[in-house]
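Enquirer: Starting off with a structure, shown below.
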Amino acid sequence: MKPTDINDPSYFHKVVDCQWACPAHTPVPEYIRLIAEKRYTDAYMINWYSNVFPGILGRTCDRPCEPACRRGRIDEQPVAICRLKRVAADYKSDISKHLPIIPKKKNGKHIALIGAGPAALTVAADLLPLGYEITLFEKDGVAGGAMRTQIPRFRLPVEVLEEELSYVIDLGINCRFGEEITSMRDLLAEGFDAIFVGTGAPLGKHVELPGFEEARDNIHTGIEWLANIAFEHVSSIGKKVLVLGGGNTAMDCCRTSRRIGGEEVTVVVRSGFDEMKASAWEIEDAMNEDIPILNFHVPKRYICEDGKLVAMEFEKVRKEYDKNGKRLLIPTGEDPVILPCDDVLCAIGQENSLPWVERDLGIEFDQWELPILNKLTFQTTHERVFFGGDAAFGPDNIISAVAHGHDVAVSIHLICTEQDINDRPDPITSLASQKMGIHQWSYDNDISNDVRYIVPHAEKDKTLHDVNMEVELGFDEALALKETMRCLNCDVQTVFTDQLCIECDACVDVCPTDCITFTANGKESDLRSSLMAPAENQDQDIYVSGPLNTGRVMAKNEDLCLHCGLCAERCPTNAWDMRKYLFDTAKASA
Amino acid sequence: MSYISKPKFQHPQLETNELGLTRRDYEGSFTTLCAGCGHDSISAAIIQATAEMSLQPHRVAKISGIGCSSKIPAYFLSKSHSFNSVHGRMPSVATGANLANKELHYLGISGDGDSASIGLGQFCHIVRRRINMLYIIANNGTYGLTKGQLSATADLGSKTKFGEESRFDNIDMATLAIELGASFVARSFSGDKKQLIPLIQAGLTHKGFAFIDIVSPCVTFNNTDASAQGYKNTWENYVSLSEIDFVPMREEITTSYDAGKEKEITLHDGSVIRLHKTGMNYDPYDKENALHHINQHKKHGKIATGLLYINQSTSDYHELQDTADKPFNTLTQHDLCPGSEVMSDINDTFR
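Quick mapping for you: the protein sequence lines, in order, are chains S and X. Sequential numbering from 1 applies to the first sequence in my numbering. Sequential numbering from 1001 applies to the second sequence in my numbering.
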């Protein structure tokens, strides 16, 4: 293998698994260390600049960081990253003086944002400090988008939502709330320098089966029903509720139903339990609230009596794979299953709704009625129109919408300053030694052996009777500190200088997870199998040095490195050093 | 020394041996030696060697003298018996222990100061007495613990870090061991675990006195370009007489044996040392040849390493002394004081 180019900004970035996995590339270990130091406000602001909604995301994020967390590969469970983010939000002090300063003198460019969800608010937060004038259109009377309408209050209290929305809105946005845009043509005519569409995917899908029309009044689409709960248009449901679908919306629907009158709430999914799209922790929370989940049940028809829904019929199926490896659901031939119900909530998917974008404006759409976008710039085929969030590529999550927002802001800034939109600014990186003394580092390398701490919950008897009462109580400071000590500090990189190495093997001998090997160089596949311990995880790189005095190379498997720094402590020549790698994605406002 | 202990986390696919233990179970406490010390690599090699052999840690006794080298039993096999004895007197303690219980694996750890200076007399006698043990010298040519004076194994002309030149010829411990009757003599380098680990395994399995002289650089006091036992010189000048593999007795020997390229040495318990011949076609059974090779290499500034000499036909101390079949420490009062009937039988023989 060729020597690893550690100057490539993505090399060490990839080692920080959590940050690499985060769509917004939040510097996770950095803020976790700040939480350990009780510097909650600083930890919060690192999050704010990366993901804009730390308090909201600390409760609701899909947490792609956690399955990626290296701790999960050497221990049973990853670090509770998401819950630590919430700790920063819960314990911070006044952040107003840390927010960006918005220039009084504007730069003369005026941007329209449609839909006051996470994507548009991120665009605003990035462009306002540069002097842009921002007008934000929202069909509802309040901001928040999906964060308000689709996430129940028992997961995200309204105060937390309002607080974080206001940080952005109060930077100085012209809000035109309650104003639904009905024509892109008209909006273009208003002469905005750029238009961003972040209208989400607000249309729920129905399960249309025999009996649907007759039972219509008691069949609801999940997201619209959740929005009605959020706006308090709906406050009750029947005693027996069936929720169709296995995603996070289904989990929110069933748990909400339990709180507003649903006594027997059942989730029914077509495929297997392990194929459910919902996050594991949301499934767990639902099951803890006595909600059974029936799998391999395919809905067949709605059964009505006297014009009213009374039950649904399901066919039992089993899973098989055809010779191409495609999964098939084969009927088992058992008797159909009849489940009595008063209401059915369909949470089987959602779609965007863009009938107001005329198709003759130069904004092209694909066969799925999604706009054709440049994946890097989020620009449509119309130079001044951008999409982001769920409206761009279909339903995803809040953190992805935020990531889109940052990229869109860069794009808008580039076109408004007449630069090449494809020439994206480089990330801001730094790599600094953490050495304080022979055996002292400026980070805590004595990681805890503790298993993941569980977030305390409010009493179930109480939460099940109040749709607005938050279930998770969050870590207190003591628990949070213990959980921070589980973080491996993967951003503190092991940096190897081959000219200094005397090949004494001290690093090899001390490494707790057998990451380091001195060996003859070879092809990557050969090296992977010839290391001290095999490097089978192909997603993780091998760090290879240049040739050493004996002609061998140092090959380090990044996969299981604990970043404990013992290789550097035991290195007599400082050939190893522990250096903190900070990576910040390029932002328009940076 | 490091302020933290070595994290407990380990590679999830770390192999377990026949006892269900991983290499990590054979570790000791965290080293307090200087960073980069060759002795730490020797500890690591012992850990790897004993784990691979599935040695039961409580059937091993580690005995050492005084010096940096003699500290290392603390850093491996924390579940084994251990005795950190008096300077240069490890052989006496090892002899005593071996007499008391001949069934343990004895691992003596010493250094060039402990064995070639203050303990040279003791060394000579333990070799001569053929105690069944593996005796390891971590040889760095310097007195590290007293801040870097030349030791008796420093080559003529070798210089300390402070510029002092050795005016005396060195004592070659491997040559001495061969001449005094050791039946397994090897030399290795702490940096070459591929060679060192099978040598340790073979040495622990060999019945009789096994000796390995290990060049183990002292990074702090003896690692300059002018130090013969420094990393640079050793990497440049060590010559492997034959590449070695150790196949434990219980493993089925599957790879084919090629007499033209390999030499197999079957040990008393059925384990096999397999030597892959290098250009030299070295014969480790020939004592004179071994001494010749060591000297010839030395003459050219080279260090001959590998299995230098082996003789499986000698007897160990217990056989020579015709001691009891059972280990002494298991003899009961009845064994030792068998009663008046036996006494009268004995008396009868004198009548």
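Ideal placement from N, C-alpha and C gives every residue a C-beta, glycine not left out.
Residues in the same chain with beta-carbon distance under 6 Å from S/PRO23, minus the five sequence neighbours each way, listed in chain order, please.
Expert: The residue you call residue 23 of chain S lines up with position 23 of the first sequence. Answer for S/PRO23: ILE399, SER400, ALA403, listed in chain order.
Enquirer: Less than 8 Å between the C-beta atoms of S/TYR543 and S/THR4, yes or no?
Expert: Looking up residue 543 of chain S in the first sequence gives position 543. Looking up residue 4 of chain S in the first sequence gives position 4. Yes, the pair counts as a contact, with Cβ atoms nearer than the cut-off.
Enquirer: Straight-line CA distance for X/SER1183 to S/SER448?
Expert: Residue mapping note: residue 1183 of chain X aligns to position 183 of the second sequence, counting from 1. Residue mapping note: residue 448 of chain S aligns to position 448 of the first sequence, counting from 1. Distance between the alpha carbons of X/SER1183 and S/SER448: 49 Å.
Enquirer: Determine, using beta carbons only, whether S/ALA439 comes closer than 8 Å to chain X.
Expert: Mapped onto the first sequence, residue 439 of chain S falls at position 439. First, the residue type needs correcting, since residue 439 of chain S is His and not Ala in the sequence shown. Yes, S/HIS439 lies at the interface with chain X (some Cβ there is under 8 Å from its Cβ).
Enquirer: Tell me the DSSP secondary structure of S/VAL234 in three-state form.
Expert: Translated into the one-based positions of the first sequence, residue 234 of chain S becomes position 234. DSSP places S/VAL234 in coil when its eight states are reduced to three.
Enquirer: Are the beta-carbon atoms of S/ARG259 and S/ASP466 separated by less than 8 Å?
Expert: Here residue 259 of chain S refers to the residue found at position 259 when the first sequence is read from its first residue. Here residue 466 of chain S refers to the residue found at position 466 when the first sequence is read from its first residue. For S/ARG259 and S/ASP466, yes; Cβs fall inside 8 Å.
Enquirer: Can you pull the DSSP bridge partners for X/ASN1384?
Expert: Outside the modelled stretch of chain X, which goes from 1001 to 1351, sits residue 1384 of chain X, for which no answer is possible.
Enquirer: What are the complete beta strand (DSSP E) segments, minimum 3 residues, inside the segment 303-384 of chain S?
Expert: With a minimum length of 3 residues, the continuous beta strand (DSSP E) runs that stay inside the segment 303-384 of chain S are 308-321, 327-331, 337-340, 343-346.
Enquirer: Using the rule of at least 16 other Cβ atoms within 10 Å of the residue's Cβ for burial, across every protein chain shown, is S/ALA280 buried or exposed?
Expert: Within the first sequence, residue 280 of chain S is the residue found at index 280, counting from 1. Burial call: exposed.
Enquirer: For a contact defined as C-beta to C-beta under 7 Å, what are the partners of X/ALA1044 on chain S?
Expert: By one-based count along the second sequence, residue 1044 of chain X stands at place 44. Correct list: ASP509.
Enquirer: When you compare each of S/ALA68, S/ALA535, S/VAL344, S/HIS563 to S/PRO299 by their alpha carbons, which one comes out closest?
Expert: The residue labelled residue 299 of chain S in the question sits at position 299 within the first sequence. Comparing Cα positions, the closest option is S/VAL344.
Enquirer: Quickly, what does DSSP pair S/ASN174 with across the bridge? List them, please.
Expert: Mapped onto the first sequence, residue 174 of chain S falls at position 174. In the DSSP output, where bridge partners are listed per residue, S/ASN174 has S/THR135.
Enquirer: Tell me whether S/ILE291, by its Cβ, gets closer than 7 Å to a heavy atom of the ligand GDP.
Expert: With respect to the ligand GDP, the structure shown offers nothing to examine, as it has no ligands at all.
Enquirer: Around the Cβ of S/PHE593, are there at least 16 other Cβ atoms within 10 angstroms (buried) or fewer (exposed)?
Expert: Any property of residue 593 of chain S remains undetermined from this structure, which presents chain S solely from 1 to 590.
Enquirer: Near X/THR1050, which residues of its chain fall below 6 Å by C-beta distance, leaving aside the five closest residues on each side in sequence?
Expert: For the purposes of this step, residue 1050 of chain X is taken as the residue at position 50 of the second sequence. Answer for X/THR1050: TYR1026, listed in chain order.
Enquirer: Among S/GLY211, S/HIS297, S/GLN540, S/VAL553, which one has its Cα closest to the Cα of S/LYS308?
Expert: Translated into positions along the first sequence, residue 308 of chain S becomes position 308. Checked all of S/GLY211, S/HIS297, S/GLN540, S/VAL553; the closest Cα to S/LYS308 is S/GLY211.
Enquirer: Run through chain S and tell me which residues come within less than 7 Å of X/TYR1231, C-beta to C-beta.
Expert: Within the second sequence, residue 1231 of chain X is the residue found at index 231, counting from 1. Per Cβ cutoff of 7 Å: ILE502, GLU503, CYS504.
Enquirer: Do the CB positions of S/LEU361 and S/MET184 come within less than 8 Å of each other?
Expert: Residue 361 of chain S sits at position 361 when you count from the first residue of the first sequence. Residue 184 of chain S sits at position 184 when you count from the first residue of the first sequence. Going by C-beta atoms, S/LEU361 is nearer than 8 Å to S/MET184.
Enquirer: Are at least three pairs of beta-carbons, each pair with one atom in the segment 429-439 of chain S and one in the segment 570-581 of chain S, less than 8 Å apart?
Expert: As far as the Cβ criterion goes, the segment 429-439 of chain S touches the segment 570-581 of chain S, which means the pair count is three or higher.
Enquirer: Where DSSP assigns a beta bridge to X/THR1220, which residues make up the other side?
Expert: Against the second sequence, residue 1220 of chain X aligns to sequence position 220. Bridge partners of X/THR1220: none, in fact.
Enquirer: Taking Cβ positions, are X/GLU1018 and X/SER1054 nearer each other than 8 Å?
Expert: For this step, residue 1018 of chain X is matched to residue 18 along the second sequence. For this step, residue 1054 of chain X is matched to residue 54 along the second sequence. Yes, these two residues count as a Cβ contact at 8 Å.
Enquirer: I want to verify the contact list: residues of chain X whose CB lies under 9 Å from the CB of S/PRO572, in sequence order.
Expert: For this step, residue 572 of chain S is matched to residue 572 along the first sequence. Result: CYS1034, ALA1035, GLY1036, CYS1037, VAL1219, THR1220, ASN1223.
Enquirer: What residue does the alpha helix (DSSP H) around S/GLU66 start on, and which one ends it?
Expert: The count along the first sequence starts at 1 and reaches residue 66 of chain S at position 66. 65-68 is the span of the alpha helix (DSSP H), which, as asked, contains S/GLU66.
Enquirer: For the putative contact between S/LEU161 and S/GLY144, defined by C-beta atoms under 8 Å, what is the C-beta separation to the nearest angstrom?
Expert: Taking the first residue of the first sequence as 1, we reach residue 161 of chain S at position 161. Taking the first residue of the first sequence as 1, we reach residue 144 of chain S at position 144. The pair is a contact, with the Cβ atoms about 6 Å apart (cut-off 8 Å).
Enquirer: Considering only C-alpha positions, which residue in the set X/GLU1236, X/VAL1215, X/LYS1147 is nearest to X/HIS1300?
Expert: As a first step, residue 1300 of chain X is located in the second sequence; it is residue number 300 there, counting from the start. When only C-alpha atoms are compared, the closest one is X/GLU1236.
Enquirer: Identify which residue in S/ASP217, S/HIS297, S/TRP225 has its Cα closest to the Cα of S/CYS601.
Expert: This structure leaves residue 601 of chain S out entirely; chain S is present only between 1 and 590.
Enquirer: Check whether chain S comes within 8 Å of X/HIS1011, counting only Cβ atoms and requiring the distance to be less than that.
Expert: Taking the first residue of the second sequence as position 1, residue 1011 of chain X is located at position 11. True, the Cβ-Cβ gap to chain S drops below 8 Å.
Enquirer: Taking all protein chains shown into account, decide if X/GLY1088 is buried (16 or more other Cβ within 10 angstroms of its Cβ) or exposed.
Expert: As a position in the second sequence, residue 1088 of chain X is number 88, starting the count at 1. X/GLY1088 comes out buried.
Enquirer: Cβ atoms of S/VAL28 and S/ILE81: under 8 Å apart, would you say?
Expert: To locate residue 81 of chain S, count along the first sequence from 1; it is residue 81. To locate residue 28 of chain S, count along the first sequence from 1; it is residue 28. Cβ distance < 8 Å, so S/ILE81 and S/VAL28 count as in contact.
Enquirer: Hey, S/ALA125 and S/VAL168 are a contact pair by Cβ (cut 8 Å); roughly how many whole angstroms apart?
Expert: In the first sequence, the residue the question calls residue 125 of chain S occupies position 125. In the first sequence, the residue the question calls residue 168 of chain S occupies position 168. Indeed, because the Cβ distance is near 5 Å, the residues count as touching under 8 Å.
Enquirer: Under 8 Å between C-beta atoms, does X/ILE1004 make it to chain S?
Expert: Counting from 1 along the second sequence, the entry for residue 1004 of chain X is found at position 4. True, the Cβ-Cβ gap to chain S drops below 8 Å.
Enquirer: What residues in its chain sit with their C-beta under 7 Å from that of X/ASP1269, if we drop five residues either side in the sequence?
Expert: The residue labelled residue 1269 of chain X in the question sits at position 269 within the second sequence. THR1205, MET1249.
Enquirer: Grouping DSSP H, G and I as helix and E and B as strand, with all else coil, what is S/MET436?
Expert: Taking the first residue of the first sequence as position 1, residue 436 of chain S is located at position 436. Three-state DSSP puts S/MET436 in a strand.
Enquirer: Given that X/SER1041 touches chain S, what residues does it touch there, using C-beta distances under 9 Å?
Expert: Your numbering for residue 1041 of chain X matches position 41 in the second sequence. Per Cβ cutoff of 9 Å: CYS504, ASP505, ALA506, VAL508, ASP509.
Enquirer: Counting only beta-carbon separations shorter than 8 Å, does S/GLU569 have a partner in chain X?
Expert: Mapped onto the first sequence, residue 569 of chain S falls at position 569. Yes, S/GLU569 lies at the interface with chain X (some Cβ there is under 8 Å from its Cβ).
Enquirer: Please list, in chain order, the residues of the segment 61-76 of chain S that have any C-beta partner in chain X closer than 8 Å.
Expert: Here the close residues are ARG73, ILE74, ASP75.
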